[in-house]
Structures are given as C-alpha cells and as structure tokens.
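Numbering (the numbering used here), first residue to last: 58 to 348. Beta carbons are placed, not taken as given, at the ideal position from N, Cα and C, and that holds for glycine. To start, the structure itself, in structure tokens.
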RNA sequence: GCGUCGGUGGCAGAGUGGUCAAUUGCACUUGACUGUAAAUCAAGCGCCCUUAGGGCUACGAAGGUUCGAAUCCUUCCCGGCGCA
C-alpha cells in the first residue's frame, strides 16, 4: 500500500503554513514548500516566507534553494521535491507539502513527466519575435501532435513546444507517471471578504517588516528591475494599495487552478480540529487496508 | 465676473453628423494550462429576448437643427486653466 503524503494548499494568506506545521507536529512530518517564489534566497518578506520561529522546529524543505538571479522551473522543483519526499519517507517521516503554486503541487501529485529539454535562450529570443500564427505553423511542422492540443495563440507555450521538438528531434511523450504515494489534499478556503482582510493584514505587516528595504537590497545585489518584475515585484514604487490589489488578483487566479481538482477536501482555516480528524482518518485507512 | 478648454460605459481615454451600444487599456467575471505559473493565453463585460438575430435605453441636463446627433446650435449645471 502506498505511503501517505499530506498536501496543504489554498489561496495566499489563508493560513496554510501554520496548519502545515501543526499537521507535521501531530503526525511526525516535515514540510515541503510548494511556492514558486519562496524557492529563492532573499525573497522573504515579499513572498510571505515562513520565519524560523513560525516553523516551530519542523524542518522545511524547498525554501531558499535558488539564486534569484537565475530562473527556477517546475521541472527543477519536481526533482528536488520528489527526492525530498523519498528521503523523508525512508526516515519514516510524513511529507507535508504546503504551498499555493498549483502547477508545482500538481507536478508532484500528478507525477507529470517533463521532457529533458532545458530552456534555450537563443532559440526563445529568436522565436519570440515571431507572431503566434507563424509559431503555430512552425509547430505544426515539427510536432503536429502537440499542435493539435496547444492553444495556438499562446506564444509562450508555442515557443516551448517548438523548443522541445527541436531539441528532442522526436515527438515527446506527454505521459505522466503517478508517484507511489497517496496524497491527502487539504484545501483552505474562506469567503472573499475575509480573505481580503487577511491579505490586508499581511501586506501591512510586509511593509512594517521592511518590504521596501528588502527590494532595495535585491536591487543592490544586482537584480534588475526586469527580473524583479518576473518575480512578482513589478511595482516601481510599491504602495500598500497596489500590493493589496495585486495580491487579491493573484489569489483569484490561484483559485481558478485549484477548482479543477476534485480530490481536494476543502475546509475553513479555523476548522482545525475537523482537519486533524480528517487527516487522521485518512492515515488510518491505510493501516486497515494493509491488513 | 469675463475668457477659454472640457464633461463619453467601474476608471483612464478614443470617437467629433449615418457603417456607434460606442476603438483601446485597466479593473471585473468566467475559463484554459505538461520545464517562465504572482507567468502566459482565451471568452464575456448597458438592459431585455432562447441562438441567428432583434428590441429598448444610453455619451452632464433640457431644448433645437436634421431623413438621421455622442458628434452641429442654444440655454443651463459641473470641472480645469487664464485674466480680473
């Protein structure tokens, strides 16, 4: 029978981190972050990264594993996360995945297999100048199979699809292979007005903790404005209002992704007892089935 | 007070007699998603009718000119600027 992995997901500021720590303490686990920006060193305040104190002694993985100057990717995330999970289960620990980046979470729970084709900056730059129509007709030539299901107007995806086809020299298989784990997916959700309040509170704290200072520091370390924008700090002069508005938008997009996943069991953040009971029940199942 | 420029959909801002329910951007709603994911992309976004399509109400207000007005004229209300 498969080993269990707990997944805690939800919109930003919904209380995931605290819940994950509690679950880890209760069930003897360690946490694996699933956040595309918290993987970078130095992006602490702006990404709402958990503090040492808040970790309450629980080891956290996949935080601070990348230099913000370089691009990270789902594929790298997947490799690191999967090996962390394997290590943990070998030690008898329960992995607790916690984060808000849907794609990253799915890369593990779906076991998506990514083609071994690293980004080709030169090719991307060249293709980037072409129109979507042009790219689409190129793709039809190099990978007609992919062309059938791709969004023909999405340049970013077209470029990547061509990139894969060119480097692989064959039609890549898009199969995904499920990992040998059972995922218990816990979603934290709360009504929009309440989420908004939490976001406001969090953003206020970000400024109080020195968000502007953090951004200035990153700039000093040689991170370009463009790169900062990629990392989600696109405001020239971040203000409380702007950051709150951006965060709310982001939270909505997160939800669009999560909604598709029928396996997520949703709770309100304050339903802690209920969640603990639910997770305990899920862990129990496994033992019974084993017998 | 005089002069002048302007008042357009949630906001910004096009249009300046018919092809305008009104370009575009933002916001908003919904959705897609296989190595950039806080990314990228799509659809919708006055009201009503089940779709094709049709109807109604709208471009500060009220009148007017015209076959026809968001667009022209008059008056009024409001705002910016200049002069007093």
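Legend entry - Straight-line gap, residue 270 to residue 295 (C-alpha atoms, nearest Å): 11 Å
Legend entry - Residue from 103, 70, 75, 91 with nearest C-alpha to residue 273: 103
Legend entry - Contact belief for residue 90 with residue 119 at Cβ below 8 Å, rounded distance in angstroms: 5 Å
Legend entry - Beta-carbon gap between residue 145 and residue 234 smaller than 7 Å: no
Legend entry - Supposed close pair residue 245, residue 73 - CB separation, criterion 8 Å: 6 Å
Inset, instruction - Go through its chain and collect everything with a Cβ distance to residue 312's Cβ below 7 Å, but skip five positions before and after it. - result: 68
Inset, instruction - Note down the Cα distance separating residue 341 from residue 257, rounded to an integer number of angstroms. - result: 39 Å
Legend entry - CA-to-CA distance, residue 220 to residue 177, given in whole angstroms: 7 Å
Legend entry - Bridge-paired residues (DSSP) for residue 97: 123
Legend entry - the stretch 154–172 / the stretch 132–146 touching (three or more Cβ pairs under 8 Å): yes
Inset, instruction - Would you mind sorting residue 347 into buried or exposed? The rule is 16 or more other CB atoms within 10 Å of its CB. - result: Confidence at residue 347 is low in this model, with a pLDDT of 43, below 50, so the placement of that residue should be treated as unreliable; the coordinate-derived value is given next. Looking at its Cβ environment, which holds fewer than 16 other Cβ atoms inside 10 Å, residue 347 is exposed.
Legend entry - Member of 94, 331, 79 whose CA lies at the smallest distance from the CA of residue 159: 94
Legend entry - Range covered by the beta strand (DSSP E) that runs through residue 66: 60–67
Legend entry - Beta carbon of residue 189 nearer than 7 Å to that of residue 197: no
Legend entry - Status (buried if at least 16 other CB within 10 Å, exposed otherwise) for residue 237: exposed
Legend entry - Delimiting residues of the alpha helix (DSSP H) encompassing residue 250: 249–266
Inset, instruction - Indicate whether residue 161 and residue 131 have their beta-carbon atoms separated by less than 7 Å. - result: yes
Legend entry - C-alpha gap between residue 222 and residue 185, whole angstroms: 16 Å
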